[in-house]
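>
Numbering (this note's numbering), first residue to last: 3 to 456.
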């Protein structure tokens with residue numbers, strides 16, 4: 003049987019920060035006449051090349067890059083809907099030039115939403131296709147009320163979702179209520195209908211329907227650049243040190259100055275989103291304020307700077323873990339549910355000395371086969387690491403299994419758990435045991451005091 007080249011192919015590169023995704027994208031673009039679409043939310047912002055870790059002009063090697071440094075610092079983070087619409091338009095333009103679109107970036111909910119025709123609205127997404135906070139509050143004044151008031155309204159209209167969230171998780175409570183305010187449907191109903199669509203059912207159909215369509219928008223080769231966690235930790239710490247040497251503090255200062263200008267001009271700045279939550283800025287706010295005040299000794303300033311550097315390193319490591327978790331829990335399940343689990347290949351970039359062979363050469367070979375329309379090998383056979391990582395970390399994506407939500411509140415820890423497994427794991431944790439002992443001690447002291455005054 004002759005090979006059949008895929009129509010409108012797309013290559014997408016995912017992976018944790020610091021694994022070499024951008025470098026691989028450039029090499030693929032050079033080999034296969036490609037253009038690159040940025041899929042990193044922070045790299046959409048203009049300037050700040052150090053904080054946002056943008057590729058340099060030299061690193062681009064003449065390859066066209068799109069959606070890179072294209073929005074102002076005052077703008078909120080793009081919604082998923084806005085990103086997908088813009089990216090799809092650019093992909094069409096790239097194809098019209100007879101070139102290969104290559105999507106690369108660490109904001110994986112952008113990537114996943116673009117890959118699938120019917121991308122599930124996920125209650126864990128930070129930036130779904132909704133209004134910014136100022137527009138939202140003007141349209142629906144209840145969203146400015148206390149978290150308790152908003153939660154009571156959510157309990158009234160969508161008790162299923164209200165019961166899922168921690169009473170103090172304002173963002174998620176607002177998000178669920180906003181879905182109802184905007185669409186007239188509850189969030190729980192919306193997720194259920196979208197899940198049915200993804201499973202090949204019409205909304206309202208029962209579980210009898212077993213039809214499952216491939217929900218990818220187009221033939222896609224997914225390349226996951228992976229790095230051993232311990233190796234990546236060392237690599238990321240070193241990268242932060244390089245960022246400091248390359249002008250990170252200057253960019254923090256410029257952002258701080260921009261913030262002051264906005265405030266002086268009467269512009270309200272929502273520092274809970276947008277460029278203000280980028281790793282490398284918020285960790286240095288205390289240090290920058292101390293520098294400007296001139297009230298701290300040189301020794302104290304150095305201490306504040308070192309503490310900020312350590313916070314930046316810790317935040318970067320945590321971000322990398324979240325990126326991998328998204329791939330293993332959400333993306334892999336989404337691919338498997340659509341019969342596209344064999345579209346993603348793991349490339350082990352742990353050893354920088356053999357990165358060219360282990361990552362670049364393998365990626366080029368895979369892309370060659372994919373673009374030629376030839377039979378692809380089983381992704382799990384690429385390496386031992388591939389077989390391990392492509393096995394889902396969980397049996398299901400919890401956000402899409404409403405039937406398993408069972409809200410429990412741990413009063414000593416002030417924590418809400420929504421699955422039996424999460425609850426069992428929590429009560430075995432050191433944090434829970436410590437909180438429980440502390441609560442018991444407080445109760446004992448209070449009881450003794452009450453007896454003493456009785």
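Just so you know, even glycine gets a beta-carbon here, dropped at the ideal spot from N, CA and C.
Note that this is a predicted model, so its numbers are computed, not measured.
Give the single residue among 311, 245, 268, 222 whose Cα lies nearest to the Cα of residue 370.
The residue given as residue 370 occupies position 368 in the chain shown. Among 311, 245, 268, 222, the Cα nearest to that of residue 370 is on 222.
> Where do the N-terminal and C-terminal ends of the alpha helix (DSSP H) with residue 377 fall, by residue?
For this step, residue 377 is matched to residue 375 along the chain shown. Run containing residue 377: none; DSSP gives neither H nor E here.
> Would you list the residues sitting across from residue 412 in a DSSP beta bridge?
Position 410 of the chain shown, counted from the first residue, corresponds to residue 412. Per DSSP, 417.
> Locate the alpha helix (DSSP H) running through residue 104, then write down its first and last residues.
Numbered from 1 along the chain shown, position 102 holds the residue referred to as residue 104. Careful: residue 104 lies outside any alpha helix (DSSP H), inside the beta strand (DSSP E) at 102-106.
> Shorter than 8 Å from the beta carbon of residue 143 to some beta carbon of chain B?
You won't find chain B in this structure, because it holds only one protein chain.
> So, with DSSP's three-state summary, where would you put residue 43?
Translated into the one-based positions of the chain shown, residue 43 becomes position 41. If DSSP states are grouped into helix, strand and coil, residue 43 belongs with coil.
> Grouping DSSP H, G and I as helix and E and B as strand, with all else coil, what is residue 167?
As a first step, residue 167 must be located in the chain shown, where it is residue number 165. Three-state DSSP puts residue 167 in coil, outside helix and strand.
> Measure the C-alpha to C-alpha separation of residue 253 and residue 50 and round it to an integer number of angstroms.
Reading the chain shown from its first residue, position 251 is the one you call residue 253. Reading the chain shown from its first residue, position 48 is the one you call residue 50. Cα to Cα, the separation comes out at about 6 Å.
> What would DSSP say about residue 70, mapped onto helix, strand or coil?
Mapped onto the chain shown, residue 70 falls at position 68. Coil at residue 70, not helix or strand.
> Just to confirm, does residue 278 get its C-beta within under 7 Å of one of the non-hydrogen atoms of the ligand GDP?
Here there are no bound small molecules, and the ligand GDP is not part of this structure.
> For residue 282, is the classification buried or exposed, using 16 other Cβ atoms within 10 angstroms of its Cβ as the cut-off for buried?
As a working note, residue 282 is residue 280 in the chain shown. Looking at its Cβ environment, which holds 16 or more other Cβ atoms inside 10 Å, residue 282 is buried.
> Tell me whether the region 78-93 and the region 39-59 touch, counting them as touching only if at least three CB pairs, one residue from each stretch, are closer than 8 Å.
The answer is yes - the region 39-59 touches the region 78-93, with three or more Cβ pairs under 8 Å.
> Helix, strand or coil, according to DSSP, for residue 53 in the structure here?
As a first step, residue 53 is located in the chain shown; it is residue number 51 there, counting from the start. If DSSP states are grouped into helix, strand and coil, residue 53 belongs with coil.
> For residue 335, is the classification buried or exposed, using 16 other Cβ atoms within 10 angstroms of its Cβ as the cut-off for buried?
For this step, residue 335 is matched to residue 333 along the chain shown. Flag for residue 335 reads buried.
> Under the three-state reduction of DSSP, which class applies to residue 357: helix, strand or coil?
On the chain shown, position 355 is the one that residue 357 refers to. Looking at residue 357 - three-state DSSP - the assignment turns out to be helix.
> Excluding the five sequence neighbours on either side, which residues of its own chain have a C-beta within less than 7 Å of the C-beta of residue 405, listed in chain order?
The count along the chain shown starts at 1 and reaches residue 405 at position 403. Note that residue 405 scores 49 on pLDDT, short of 50, meaning its location in the model is unreliable and no value can be drawn from it.
> Which residue from 182, 148, 151, 143 puts its Cα closest to that of residue 162?
Position 160 of the chain shown, counted from the first residue, corresponds to residue 162. It is 182.
> Go through its chain and collect everything with a Cβ distance to residue 306's Cβ below 8 Å, but skip five positions before and after it.
Walking along the chain shown from the start, residue 306 turns up at place 304. 288, 289, 292, 298, listed in sequence order.
> Classify residue 377 as buried or exposed, calling it buried when 16 or more other Cβ atoms lie within 10 Å of its own Cβ.
In the chain shown, counting from the first residue as 1, residue 377 sits at position 375. Exposed is the call here.
> Can you tell me whether residue 386 is buried or exposed? The criterion is at least 16 other CB atoms within 10 Å of its CB, across all chains shown.
Against the chain shown, residue 386 aligns to sequence position 384. When all chains shown are included, residue 386 counts as exposed.
> Taking all protein chains shown into account, do 16 or more other C-beta atoms lie within 10 angstroms of the C-beta of residue 442, making it buried, or fewer, making it exposed?
Your numbering for residue 442 matches position 440 in the chain shown. Looking at its Cβ environment, which holds fewer than 16 other Cβ atoms inside 10 Å, residue 442 is exposed.
> For residue 176, is the classification buried or exposed, using 16 other Cβ atoms within 10 angstroms of its Cβ as the cut-off for buried?
For the purposes of this step, residue 176 is taken as residue 174 along the chain shown, with counting starting at 1. Residue 176 comes out buried.
> Answer with buried or exposed for residue 108, where buried requires no fewer than 16 other C-beta atoms within 10 angstroms of its C-beta.
Taking the chain shown and counting its residues from 1, the one referred to as residue 108 is at position 106. Label assigned to residue 108: buried.
> Could you give the C-beta distance for residue 226 and residue 348, rounded to a whole number, given that I count them as a contact under 8 Å?
Within the chain shown, numbered from 1, the residue matching residue 226 stands at position 224. Within the chain shown, numbered from 1, the residue matching residue 348 stands at position 346. Correct: roughly 5 Å between the Cβ atoms.
> What is the DSSP secondary structure of residue 18, reduced to helix, strand or coil?
As a working note, residue 18 is residue 16 in the chain shown. Of the three classes helix, strand and coil, the one that applies to residue 18 here is coil, per DSSP.
> Once DSSP output is grouped into helix, strand and coil, what is the label at residue 38?
As a first step, residue 38 is located in the chain shown; it is residue number 36 there, counting from the start. The answer is strand: DSSP assigns residue 38 an E or B state.
> Tell me, to the nearest whole angstrom, how far the beta carbon of residue 26 is from that of residue 393; I am working on the premise that it is less than 8 Å.
On the chain shown, position 24 is the one that residue 26 refers to. On the chain shown, position 391 is the one that residue 393 refers to. So it is not a contact: roughly 23 Å between Cβ atoms.
> Can we say the region 242-253 touches the region 32-39, given the rule of at least three CB pairs closer than 8 Å?
Cβ pair count under 8 Å is below three, so no.
> Which residues in the same chain have their Cβ closer than 6 Å to the Cβ of residue 276, if we skip the five residues on either side of it in sequence?
For this step, residue 276 is matched to residue 274 along the chain shown. Contacts found: 78, 79.
> Measure the C-alpha to C-alpha separation of residue 312 and residue 320 and round it to an integer number of angstroms.
Taking the first residue of the chain shown as position 1, residue 312 is located at position 310. Taking the first residue of the chain shown as position 1, residue 320 is located at position 318. Cα to Cα, the separation comes out at about 12 Å.
> How would you write the range of the beta strand (DSSP E) that residue 306 sits in, first residue to last?
For the purposes of this step, residue 306 is identified with residue 304 of the chain shown, where counting begins at 1. Premise fails: residue 306 lies in the alpha helix (DSSP H), 300-327, not in any beta strand (DSSP E).
> So residue 149 and residue 172 are supposed to be a Cβ contact under 8 Å. How far apart are they, rounded?
Sequence index remark: in the chain shown, residue 149 carries index 147 (1-based). Sequence index remark: in the chain shown, residue 172 carries index 170 (1-based). Residue 149 to residue 172, Cβ: 4 Å. Contact.
> Quick one: give me the first and last residue of the alpha helix (DSSP H) that residue 346 is part of.
For the purposes of this step, residue 346 is taken as residue 344 along the chain shown, with counting starting at 1. Per DSSP, residue 346 belongs to no alpha helix (DSSP H); it is in the beta strand (DSSP E), 346-350.
> For residue 142, name the three-state secondary structure that DSSP assigns.
The count along the chain shown starts at 1 and reaches residue 142 at position 140. Residue 142 falls in the coil class under three-state DSSP.
> Which residues mark the beginning and the end of the alpha helix (DSSP H) in which residue 182 is found?
Within the chain shown, numbered from 1, the residue matching residue 182 stands at position 180. Residues 172-185.
> Is residue 480 buried or exposed, if buried means 16 or more other CB atoms sit within 10 Å of its CB?
The structure shown does not extend to residue 480, since the chain is modelled only from 3 to 456, so the question has no answer here.
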